[in-house]
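Undergrad: My structure is below; once you've seen it, I'll send some questions.
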Amino acid sequence: MFKAIGRFFAKVADGLAKTRAVIGGALRTLIGKGRTIDRAFLDQLEETLLAADIGVTKTEAILAEIQTRFKQGEAADGAALLTLIKASLRTELSPGEDDLPLVTPGPTVVLIVGVNGAGKTTTIAKLAKRWKDQGKKVLIAAGDTYRAAAIEQLTIWAGRVGVDIIKSQAGGDAAAVAFDAVAAAQARGSDIVLIDTAGRLHNKEHLMRELEKLNRVIQKRIPAAPHHVLLVLDGTAGQNAVQQAKAFKDSMGVTGLVLTKLDGTAKGGAILTIRRELGLPVRYIGVGEGMDDLQPFDPDAFIEAIFGS
Ligand SMILES: Nc1nc2c(ncn2[C@@H]2O[C@H](COP(=O)(O)OP(=O)(O)OP(=O)(O)O)[C@@H](O)[C@H]2O)c(=O)[nH]1
Ligand SMILES: [Mg+2]
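In the numbering used here, the protein residues as written are -4 to 304.
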């Protein structure tokens, strides 16, 4: 248990270095060993929390908590201030998440959705690697039939990770690929089928209709499938990501989130905003382009990572 958190922490601490530099660094400088609770301090704290994309609502709540807890003009201990801020942020996040639960008998069908460029295909490679390393039999499906390059990209990943792939020609029917993949997984005794999807079609309505069709076709083979619909969001996209997520959530029955590219942003605090606005658990976070750069989201380690020294 401790070891697992340690590993998560090292990787995530690395991936969140930019966020930590902004929020952790600024907070430590601002708070130091202690501060007098006055207007200037509260203004600076507000600015720091907003800069890390903690969000206006939460930032205001933290300021209010500090004002309730400490009297105006009182010198507050730096450690106590930090503890209060961390605890307040922690309440936004769900209990510690583990890997997605798998169904028995398998296969567990996992549909990966999200706008183009969010990191869907890379996340599939990372999840496939993760489960393969755990001894699971994984099959991936190139359900993004819209672009030839998308099929090629997933084929390359399948080769690197060492898992089987089901695919069609470019322009083929995505639902047919998904159906074939689920059938193949049943026939081969796979534990998990990961289905890639297109991020962009002619327009948003078309995309949503295609994805809904995919769901229906999969259910012809396994009525309870897809067991998980993971929405992949670009962690650097801020408020945009929230808007996109709402569209998917409404028509796709999204069950969880994957936040990618947290290594490339100082706004890792956006996890809190996204989590709050969507009310969906963050299942995994992506902290790099490689196939090992994915971790189940651990809220405690996350909070430590963004405040750590
Ligand atoms: N730094 C970083 N880059 C990432 C991460 N996840 C994905 N990327 C990069 O983001 C780009 C887009 O990733 P894809 O996996 O192709 O995204 P997609 O959602 O499948 O995109 P479409 O197929 O166009 O819809 C690639 O260059 C990835 O290497 C991450 O966690 N960190
Ligand atoms: Mg893709």
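Even glycine gets a Cβ: it sits at the ideal position worked out from N, Cα and C.
1) Report the option in Gln238, Thr231, Ala137, Glu147 whose CA atom is closest to the CA atom of Lys162.
2) Counting pairs of Cβ atoms below 8 Å between the region 21 to 32 and the region 66 to 77, do you hit three or more?
3) Are Leu25 and Thr14 close, meaning C-beta to C-beta below 8 Å?
4) Only counting the same chain, and skipping five residues up and downstream in sequence, which positions put a Cβ closer than 8 Å to that of Asp9?
5) Tell whether a beta-carbon distance below 8 Å holds between Leu228 and Ala240.
6) Tell me whether Gly154 counts as near ligand 1, meaning its Cβ is closer than 7 Å to at least one heavy atom of that ligand.
7) If you draw a straight line from the C-alpha of Asp186 to the C-alpha of Lys131, how long is it?
8) Any idea what DSSP makes of Ala113, helix, strand or coil?
9) Note down, one range per segment and in chain order, each beta strand (DSSP E) of at least 3 residues found wholly within the region 32 to 100.
10) Examine ligand 1 and report whether any of its heavy atoms sits within less than 7 Å of the Cβ of Gly233.
11) Thinking C-beta only, is Arg216 closer than 8 Å to Gln181?
12) How many Å lie between Val108 and Gly50 at the Cα?
13) Leaving out the 5 sequence neighbours to the left and right, which residues in its chain are closer than 7 Å to Arg270 when beta-carbon positions are compared?
14) Could you tell me the distance, in whole angstroms, from the CA atom of Gly194 to the CA atom of Leu206?
15) With a 10 Å radius around its C-beta and 16 neighbouring C-beta atoms as the bar for buried, classify Gln290 as buried or exposed.
16) Since Val105 and Leu134 should fall inside the 8 Å C-beta cutoff, what is the C-beta to C-beta distance between them, to a whole number of angstroms?
17) Look up His223 in the DSSP assignment and say whether it is helix, strand or coil.
TA: According to the structure data:
1) The count along the sequence shown starts at 1 and reaches residue 162 at position 167. The option with the nearest alpha carbon to Lys162 is Ala137.
2) A contact exists between the region 21 to 32 and the region 66 to 77.
3) As a first step, residue 25 must be located in the sequence shown, where it is residue number 30. As a first step, residue 14 must be located in the sequence shown, where it is residue number 19. Cβ distance not < 8 Å, so Leu25 and Thr14 don't count as in contact.
4) Here residue 9 corresponds to residue number 14 of the sequence shown, with the count starting at 1. Taken in chain order, the residues that qualify are Asp258, Val282.
5) To locate residue 228, count along the sequence shown from 1; it is residue 233. To locate residue 240, count along the sequence shown from 1; it is residue 245. Cβ atoms of Leu228 and Ala240: closer than 8 Å.
6) Taking the sequence shown and counting its residues from 1, the one referred to as residue 154 is at position 159. Flag unset: Cβ of Gly154 not near ligand 1.
7) Within the sequence shown, the letter at position 191 stands for residue 186. Within the sequence shown, the letter at position 136 stands for residue 131. CA-CA distance, Asp186 to Lys131, rounds to 6 Å.
8) Within the sequence shown, numbered from 1, the residue matching residue 113 stands at position 118. The three-state reading of DSSP puts Ala113 in coil, since its state is none of H, G, I, E or B.
9) For the region 32 to 100, whole beta strand (DSSP E) runs of length 3 or above, ordered along the chain, are 70 to 72.
10) Locating residue 233 in the sequence shown gives position 238, where the first residue counts as 1. Within 7 Å of the C-beta of Gly233 there is not a single heavy atom belonging to ligand 1.
11) Along the sequence shown, one-based indexing puts residue 181 at 186. Along the sequence shown, one-based indexing puts residue 216 at 221. Yes.
12) Walking along the sequence shown from the start, residue 108 turns up at place 113. Walking along the sequence shown from the start, residue 50 turns up at place 55. Cα to Cα, the separation comes out at about 25 Å.
13) Numbered from its first residue, the sequence shown carries residue 270 at position 275. Take Arg270, set aside five residues on each side of it, and the residues of its chain with a beta-carbon closer than 7 Å to its own are Glu87, Leu88, Val277, in chain order.
14) Within the sequence shown, residue 194 is the residue found at index 199, counting from 1. Within the sequence shown, residue 206 is the residue found at index 211, counting from 1. The straight-line gap from Cα to Cα measures roughly 10 Å.
15) Counting from 1 along the sequence shown, the entry for residue 290 is found at position 295. Gln290 should be labelled buried.
16) Indexing the sequence shown from 1 puts residue 105 at position 110. Indexing the sequence shown from 1 puts residue 134 at position 139. Val105 to Leu134, Cβ: 11 Å. No contact.
17) Taking the first residue of the sequence shown as 1, we reach residue 223 at position 228. Residue state, collapsed to three classes: strand.
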